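**Student:** The structure follows.
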Amino acid sequence: MTKILLVEDDTLLLEVMRSILEVEGYELFPAPNGKQALDLFVAIKPDLVVSDIMMPEMDGYELLESVRSTPQGVTVPFLFLSARTERNDVSRARSLGVDDYLFKPFDAPELVNAVRARLDRRRQVELFDTRAAHLQTVIMLANVIETRDPYTAGHLERVRRLALNLAFALNWGNEDITVLEFGAILHDIGKIIVPSLVLKKTGPLDEEEWKLMRQHPEAGARMLEGVDHLRAAIPYVLYHHEWWNGSGYPRGLKGEDIPREGRLLAIVDAFDAMTTNRPYHSSMSADAGMDELKRNRSIYFDPEMVDVFVRTYRR
Ligand SMILES: [Fe+2]
Numbered sequence: 206m207t208k209i210l211l212v213e214d215d216t217l218l219l220e221v222m223r224s225i226l227e228v229e230g231y232e233l234f235p236a237p238n239g240k241q242a243l244d245l246f247v248a249i250k251p252d253l254v255v256s257d258i259m260m261p262e263m264d265g266y267e268l269l270e271s272v273r274s275t276p277q278g279v280t281v282p283f284l285f286l287s288a289r290t291e292r293n294d295v296s297r298a299r300s301l302g303v304d305d306y307l308f309k310p311f312d313a314p315e316l317v318n319a320v321r322a323r324l325d326r327r328r329q330v331e332l333f334d335t336r337a338a339h340l341q342t343v344i345m346l347a348n349v350i351e352t353r354d355p356y357t358a359g360h361l362e363r364v365r366r367l368a369l370n371l372a373f374a375l376n377w378g379n380e381d382i383t384v385l386e387f388g389a390i391l392h393d394i395g396k397i398i399v400p401s402l403v404l405k406k407t408g409p410l411d412e413e414e415w416k417l418m419r420q421h422p423e424a425g426a427r428m429l430e431g432v433d434h435l436r437a438a439i440p441y442v443l444y445h446h447e448w449w450n451g452s453g454y455p456r457g458l459k460g461e462d463i464p465r466e467g468r469l470l471a472i473v474d475a476f477d478a479m480t481t482n483r484p485y486h487s488s489m490s491a492d493a494g495m496d497e498l499k500r501n502r503s504i505y506f507d508p509e510m511v512d513v514f515v516r517t518y519r520r
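Per the numbering used here, the very first residue in the sequence shown carries number 206; after that it's consecutive.
So, in structure tokens, the structure goes:
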């Protein structure tokens, strides 16, 4: 339950605010002054603070300053209640890190909206930070795998960029694009099961080696299955070697039976492989790579996606 610390020396106003916010389903912790509020803050770690400014014992400024100096108080949303007639020091409150003002007298919707807006914003920021942190971890992990395969240096970063560009051009939604970023970075994570000697081999692979190599999509998918925030990226890992005509692996899916995540990644993965040096071939130009994609429309690749890729790559 979302916890709100309410600080106000006017007991009637405190009760009114408490009942307004309780109806909205928040858990309220009232305090009549800054000093009690600070003790309560440390004890309950609220999700948001609404505080009066002029109060006995410890005023709102002092409370805000003290809250901001605790580890859990650095980012907690903090709202000031202020009478318009009070000549409050707005710049002081700003420099102390207040998030919003609510001017007295206010009505119920004003209070509820201010609280809700701050909590929503906080949640968005947290979500973004968590995602960014996950992404960093995933990049580190993928880089470890990449170092085992020196011929593909920079491949992940390029694939990620190309994949993002293509997804934007295809008008994919934000949520899908977030997952795509993880998928593009992790698509070859299953290569951890392939011995370095095979990865680094310059000649053609023998049958045993191919068998190993062809297991990397499923191996990668198994690795992600148990990770809540990465499970959505499995289609990228599992289907990026499926070909449009059904000759790919691991499932041999055909056409639009191949999830679009796999179809998109197959194009950018192949394009980058063709246009950079690999043990078994030297690189071709971007133009030649594009021609190669076009030649393989409807053979290996989703024809419509190839067209969009070719059209937008030059920009
Ligand atoms: Fe792969």
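Every residue, glycine too, gets a C-beta built ideally from N, C-alpha and C. Computed from a predicted model, the values in this text were never measured in an experiment.
Which residue spans inside the stretch 454 to 496 form an unbroken alpha helix (DSSP H) run of at least 4?
**Tutor:** As far as the stretch 454 to 496 is concerned, its whole alpha helix (DSSP H) runs of at least 4 residues are 465 to 480.
**Student:** Got a sec, what are the start and stop residues for the alpha helix (DSSP H) residue 373 sits in?
**Tutor:** First-last of the alpha helix (DSSP H) with residue 373: 360 to 374.
**Student:** If contacts are defined as beta-carbon pairs under 8 Å, then residue 392 and residue 462 qualify, I think. What distance do you get, rounded to the angstrom?
**Tutor:** About 19 Å; that fails the 8 Å criterion.
**Student:** Report whether the distance from the Cβ of residue 393 to the nearest heavy atom of ligand 1 is below 7 Å.
**Tutor:** Indeed, a heavy atom of ligand 1 lies less than 7 Å from the Cβ.
**Student:** For residue 256, report the span of its beta strand (DSSP E) as first-last.
**Tutor:** 253 to 257 is the span of the beta strand (DSSP E), which, as asked, contains residue 256.
**Student:** CB-CB under 7 Å to residue 235, same chain, minus the five flanking residues each way: which ones, in chain order?
**Tutor:** Only 211, 219, 223 meet the Cβ criterion.
**Student:** Using only alpha-carbon positions, find the residue among 464, 260, 228, 277 that is nearest to residue 240.
**Tutor:** Considering only alpha carbons, the answer is 260.
**Student:** For a quick check, are the C-beta atoms of residue 254 and residue 283 less than 8 Å apart?
**Tutor:** Taking 8 Å as the Cβ cut-off, residue 254 and residue 283 qualify as a contacting pair.
**Student:** Quick one: give me the first and last residue of the alpha helix (DSSP H) that residue 518 is part of.
**Tutor:** Run containing residue 518: 508 to 518, per the alpha helix (DSSP H) assignment.
**Student:** Can you name the start and end residues of the beta strand (DSSP E) that residue 212 belongs to?
**Tutor:** Per DSSP, residue 212 belongs to the beta strand (DSSP E) from 208 to 212.
**Student:** Classify residue 272: buried if its beta carbon has 16 or more other beta carbons within 10 angstroms, exposed otherwise.
**Tutor:** Looking at its Cβ environment, which holds 16 or more other Cβ atoms inside 10 Å, residue 272 is buried.
**Student:** Apply the 10 Å Cβ neighbour rule to residue 448 and answer buried if 16 or more other Cβ atoms are within range, or exposed otherwise.
**Tutor:** So residue 448 counts as buried.
**Student:** Is the beta carbon of residue 360 within less than 7 Å of some heavy atom of ligand 1?
**Tutor:** Residue 360: no, Cβ never under 7 Å from ligand 1.
**Student:** In whole angstroms, what separates the C-alpha of residue 332 from that of residue 230?
**Tutor:** Residue 332 and residue 230: Cα-Cα distance of roughly 22 Å.
**Student:** Checking the sheet assignment: what are the DSSP bridge partners for residue 306?
**Tutor:** Beta-bridge pairing links residue 306 to 285.
**Student:** Can you tell me where the beta strand (DSSP E) holding residue 235 begins and where it ends?
**Tutor:** Taken as a continuous stretch (DSSP letters only), the beta strand (DSSP E) holding residue 235 covers 232 to 236.
**Student:** Any contact of the stretch 431 to 449 with the stretch 465 to 472, i.e. 3+ C-beta pairs under 8 Å?
**Tutor:** Result yes; three or more Cβ-Cβ pairs closer than 8 Å.
**Student:** Taking only heavy atoms of ligand 1 into account, decide whether any of them is closer than 7 Å to the Cβ of residue 339.
**Tutor:** Outside the cutoff, so no.
**Student:** Helix or strand or just coil, what does DSSP make of residue 502?
**Tutor:** Residue state, collapsed to three classes: strand.
**Student:** Please give the ranges of any alpha helix (DSSP H) in the stretch 311 to 350, keeping only runs that are unbroken, at least 4 residues long and fully inside the region.
**Tutor:** DSSP runs (the alpha helix (DSSP H)) wholly in the stretch 311 to 350: none.
**Student:** Name the residue from 403, 408, 384 whose alpha carbon lies nearest to the alpha carbon of residue 414.
**Tutor:** Comparing Cα positions, the closest option is 403.
**Student:** My assumption, with CB atoms under 8 Å, is that residue 438 sits in contact with residue 384. Please give the rounded CB distance.
**Tutor:** Between residue 384 and residue 438 the Cβ distance is about 6 Å, and since that is below 8 Å, they are a contact.
**Student:** For residue 351 versus residue 361, is the C-beta spacing smaller than 8 Å?
**Tutor:** A contact, by the Cβ cut-off of 8 Å.
**Student:** List the endpoints of the continuous alpha helix (DSSP H) containing residue 161.
**Tutor:** Residue 161 lies beyond the residue range present for the chain, which begins at 206 and ends at 520; the question has no answer from this structure.
**Student:** Output needed for residue 314: all residues of its chain with C-beta closer than 6 Å, excluding positions within five of it in sequence on either side, in chain order.
**Tutor:** Nothing listed; no residue qualifies.
**Student:** Closest to residue 514 by CA distance: which of 320, 335, 274, 498 is it?
**Tutor:** Nearest option by C-alpha distance: 498.
**Student:** When every heavy atom of ligand 1 is checked, does at least one fall within less than 7 Å of the C-beta of residue 434?
**Tutor:** No, the Cβ of residue 434 stays beyond 7 Å of every heavy atom of ligand 1.
**Student:** For residue 490, I'd like the list of residues in its chain whose CB is within less than 8 Å of its CB, leaving aside the five on either flank, ordered along the chain.
**Tutor:** Taken in chain order, the residues that qualify are 480.
**Student:** Can you give me the start and stop residues for the alpha helix (DSSP H) that residue 247 sits inside?
**Tutor:** Counting along the chain, the alpha helix (DSSP H) containing residue 247 begins and ends at 239 to 249.
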